[in-house]
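Chains as they are written, first to last, in my numbering: chain F, 7 to 258; chain X, 1295 to 1651.
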């Protein structure tokens, strides 16, 4: 008898710690990321076809949207937290990446806040560290601080000379020669919810917010070569604060 | 009290193939696991090897013999290796490959390298084949390539004085069929790994690049100069491709729809596989239609030759100016860097040459 075991794809194991005395259960939790443009549903079907008008009045259309979320954390009223370390890379052209489930050891019960990191924090944003991300060229150039992209939004906007490309890419911000700022964003979302076996969490990204709040984004000024543009990187950071909201939390 | 939360993020695919146990006649060839180059094991996901076609010594040897054998073609004159020559990094020097009846195709032959790391498993310039095994079915019967029929291939192999034994050694059956032929060739093609260029050695600390090559790499990585890395990899993606499809601004309108001809989605028209930049020293001419004979022409294309079309990738950001406008010095350095990704050990690897000679 002969056994052949082939492991395809990487297995990434994540561990996290929490300090509490609640009864911990092994639970399957599901996450779903939805996208909209000011409440108008936005999917890959809209790419290259739907035209949006941003807060500055620029007409734009999208060709690509990918981003990475990590360190989803649950907070209980008594201050106890459970962090699910790890990451998920979303690609709107690939539906399958927008939903994910995992199995966690976490106390059941009442929670008040959920948070996650848009991007990877200093501890995790290590150049070349993740085979699956390297394999899709998600890296951020070393001369800009290295690590990985946090967000990549590519598209075109209308000008008097026709459609022009924009590359809204967020990652480590280069301040100057060998000086960088981490630039990831921790998103905190409050809601009183009960977490049980098979609870599903929905999150919404309002893409319009990337161009709106607090900085009204002028695509005629900030369109390409933004990775190396410190001002643009910090504006992206500022605008990322209102991009996400919590959707339905449901337990069947 | 400290709690441990262990979570599995992402997808675990584990495939367990058990050769059913009690059948004592079950034939098992000698396993020959793919050798994974150091940089690949450090930085890349696991290679794609279907559970139904594990790498074996006998399978690889048979696949190699078939790859170089014109017996697969309709009139016995053309082998895979005629369009995929070792000296050309398993591509050919023609703009368009020519089949057995002298008919020219309409695409440039592709180099065969590191294909076990084509994670999306979309093969050909337009992604038309979804596994390596399926890809290999195609050229044999393509009228402008080997123009044979599978029954004819099987009959020739079955009547051959060596092949029935070799199939038996590889698969435990001397009854040959098209599936076994493609499996054997796929096993051989998966062994064609290239990871020993000057740049690889530089990454491994074994050699020092010239200042020109290093500046060329910086041009490649610089957002305001070459800006090539979004599609063609970087030092942490030693495949030097993202394995996906883009329109890199070659044409205003398309005679060959590329990916669009496969998906039927007009947004994919004019998109082609971003090729690996390995072994460019051996793979001219370039692009899906072999339109550029030299790397200078390729670099000039990105520097000042871009043309707009509906589906052009927004990463071709300087299309309004015709391209990224590199200085003559940066162009020369970029070329030197690109050539540092070429791997003479690959094309001269004795395991990859014609075994029938």
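Note that CB positions come from ideal geometry on N, CA and C, so glycine has one too.
Per the contact definition of three or more C-beta pairs closer than 8 Å, is the segment 1406-1413 of chain X in contact with the segment 1331-1345 of chain X?
-> yes
Contact set for residue 109 (chain F): own chain, Cβ-Cβ below 6 Å, skip 5 residues either direction = Counted from its first residue, the first chain places residue 109 (chain F) at position 103. Around residue 109 (chain F): 34.
Buried or exposed (CB count within 10 angstroms, at least 16 for buried), residue 256 (chain F) | Position 250 of the first chain, counted from the first residue, corresponds to residue 256 (chain F). When all chains shown are included, residue 256 (chain F) counts as exposed.
Three-state class that DSSP yields for residue 36 (chain F) in the structure shown | What you label residue 36 (chain F) is simply residue 30 of the first chain in a count that begins at 1. Strand at residue 36 (chain F).
Do you know offhand how far residue 1529 (chain X)'s Cα is from residue 236 (chain F)'s?
-> As a first step, residue 1529 (chain X) is located in the second chain; it is residue number 235 there, counting from the start. As a first step, residue 236 (chain F) is located in the first chain; it is residue number 230 there, counting from the start. Their Cα atoms are separated by approximately 24 Å.
The alpha helix (DSSP H) spanning residue 241 (chain F) covers which residue range?
-> For the purposes of this step, residue 241 (chain F) is taken as residue 235 along the first chain, with counting starting at 1. 236-246 is the extent of the alpha helix (DSSP H) around residue 241 (chain F).
In the DSSP assignment, what are the bridge partners of residue 1379 (chain X)?
-> Stepping through the second chain from its first residue, residue 1379 (chain X) is reached at position 85. According to DSSP, which records beta bridges pairwise, residue 1379 (chain X) is partnered with X:1385.
Leaving out five residues before and five after residue 1321 (chain X) in sequence, what residues of the same chain have Cβ atoms less than 7 Å from its Cβ?
-> Here residue 1321 (chain X) is taken as the residue at index 27 of the second chain, counted from 1. Same-chain partners within the cutoff: 1466.
Tell me, which residues are paired with residue 1565 (chain X) by DSSP?
-> The residue labelled residue 1565 (chain X) in the question sits at position 271 within the second chain. In DSSP, residue 1565 (chain X) forms a bridge with X:1552.
How about residue 215 (chain F) and residue 249 (chain F): do their beta carbons lie closer than 8 Å?
-> In the first chain, residue 215 (chain F) corresponds to position 209, counting from 1. In the first chain, residue 249 (chain F) corresponds to position 243, counting from 1. Contact flag set, yes.
Quick one: any contact between the segment 78-91 of chain F and the segment 135-143 of chain F, if contact means 3 or more CB pairs under 8 Å?
-> At 8 Å Cβ cutoff, the stretches do not touch.
Cβ neighbour criterion (16 or more within 10 Å) applied to residue 1373 (chain X) | The residue you call residue 1373 (chain X) lines up with position 79 of the second chain. Label assigned to residue 1373 (chain X): buried.
Please classify residue 1583 (chain X): is it buried, with 16 or more other beta-carbons within 10 angstroms of its beta-carbon, or exposed?
-> For this step, residue 1583 (chain X) is matched to residue 289 along the second chain. Residue 1583 (chain X) comes out buried.
Under a CB-based cut-off of 8 Å, is residue 1304 (chain X) close to chain F?
-> On the second chain, position 10 is the one that residue 1304 (chain X) refers to. Here the model assigns residue 1304 (chain X) a pLDDT of 33, short of 50, so the residue's position is not dependable, and the following value carries that caveat. Yes, its Cβ sits closer than 8 Å to a Cβ of chain F.
Can you give me, in chain order, the residues of the segment 135-157 of chain F that have a beta carbon less than 7 Å from any beta carbon in chain X?
-> 137, 138, 140, 141, 142, 143, 145, 147 and 149
Cβ of residue 79 (chain F) within 8 Å of Cβ of residue 36 (chain F)?
-> Counted from its first residue, the first chain places residue 79 (chain F) at position 73. Counted from its first residue, the first chain places residue 36 (chain F) at position 30. Contact: no.
Looking at C-alpha atoms only, which residue of X:1550, X:1637 and X:1380 is the closest neighbour of residue 1361 (chain X)?
-> Numbered from 1 along the second chain, position 67 holds the residue referred to as residue 1361 (chain X). The shortest Cα separation from residue 1361 (chain X) among X:1550, X:1637 and X:1380 belongs to X:1380.
For residue 105 (chain F), the first and last residue of its enclosing beta strand (DSSP E) = Start at 1 with the first residue of the first chain, and residue 105 (chain F) comes out as number 99. Per DSSP, residue 105 (chain F) belongs to the beta strand (DSSP E) from 105-113.
What in chain F is Cβ-close to residue 1611 (chain X), meaning under 7 Å?
-> As a first step, residue 1611 (chain X) is located in the second chain; it is residue number 317 there, counting from the start. The answer, in chain order, is 171, 173 and 230.
Per-residue burial, residue 29 (chain F) [other beta carbons within 10 Å of its own, 16 or more giving buried] | Working through the first chain from its first residue, we reach residue 29 (chain F) at position 23. Residue 29 (chain F) is classed as exposed because its beta carbon has fewer than 16 other beta carbons within 10 Å across all chains shown.
Could you check what DSSP says for residue 1315 (chain X) in three-state terms: helix, strand or coil?
-> As a working note, residue 1315 (chain X) is residue 21 in the second chain. Confidence in residue 1315 (chain X) is poor, its pLDDT being 43 and thus under 50, which makes the residue's placement unreliable; the coordinate value appears in the next sentence. Per DSSP, reduced to three states, the secondary structure at residue 1315 (chain X) is coil, with no helix or strand assignment.
Count the other CB atoms, across all protein chains shown, that sit within 10 Å of the CB of residue 1427 (chain X); report buried if there are 16 or more and exposed otherwise.
-> Taking the second chain and counting its residues from 1, one reaches residue 1427 (chain X) at position 133. Buried, by the Cβ-count rule.
Work out the CA separation of residue 144 (chain F) and residue 1527 (chain X) for me, nearest whole Å.
-> Locating residue 1527 (chain X) in the second chain gives position 233, where the first residue counts as 1. Locating residue 144 (chain F) in the first chain gives position 138, where the first residue counts as 1. Between residue 1527 (chain X) and residue 144 (chain F), the C-alpha separation is close to 9 Å.
Opposite residue 186 (chain F) in the DSSP bridges: which residues?
-> The residue given as residue 186 (chain F) occupies position 180 in the first chain. Answer is F:180, bridged to residue 186 (chain F).
Selection from X:1446, X:1396, X:1596 and X:1611 that minimises the alpha carbon distance to residue 1628 (chain X) = Position 334 of the second chain holds residue 1628 (chain X). The shortest C-alpha separation from residue 1628 (chain X) is found at X:1596.
Compare the C-beta of residue 1608 (chain X) against all C-beta atoms of chain F and say whether one is closer than 8 Å.
-> On the second chain, position 314 is the one that residue 1608 (chain X) refers to. Interface residue, yes.
Grab the span of the alpha helix (DSSP H) containing residue 1352 (chain X) for me, first residue to last.
-> Along the second chain, read from residue 1 onward, the residue named residue 1352 (chain X) stands at position 58. Start and end: 1351-1361.
Would you report the Cα separation of residue 1646 (chain X) and residue 1605 (chain X), rounded to the nearest angstrom?
-> Within the second chain, residue 1646 (chain X) is the residue found at index 352, counting from 1. Within the second chain, residue 1605 (chain X) is the residue found at index 311, counting from 1. So the alpha carbons of these two residues sit roughly 39 Å apart.
Taking the C-alpha atoms as reference points, what is the distance between residue 1522 (chain X) and residue 1516 (chain X)?
-> Numbered from its first residue, the second chain carries residue 1522 (chain X) at position 228. Numbered from its first residue, the second chain carries residue 1516 (chain X) at position 222. Answer to the nearest angstrom: the Cα atoms are 8 Å apart.
By Cβ distance below 7 Å, which residues in the same chain neighbour residue 1392 (chain X) in space, the five residues on each side in sequence not counted?
-> If you number the second chain from 1, residue 1392 (chain X) lands on position 98. So the list reads 1398, once near-sequence residues are dropped.
Can you list the residues of chain F that residue 1536 (chain X) reaches, using a CB-CB cut of under 8 Å?
-> Looking up residue 1536 (chain X) in the second chain gives position 242. Chain F residues near residue 1536 (chain X): 142 and 143.
Check whether residue 1448 (chain X) and residue 1471 (chain X) have beta carbons under 8 Å apart = Taking the first residue of the second chain as 1, we reach residue 1448 (chain X) at position 154. Taking the first residue of the second chain as 1, we reach residue 1471 (chain X) at position 177. Taking 8 Å as the Cβ cut-off, residue 1448 (chain X) and residue 1471 (chain X) qualify as a contacting pair.
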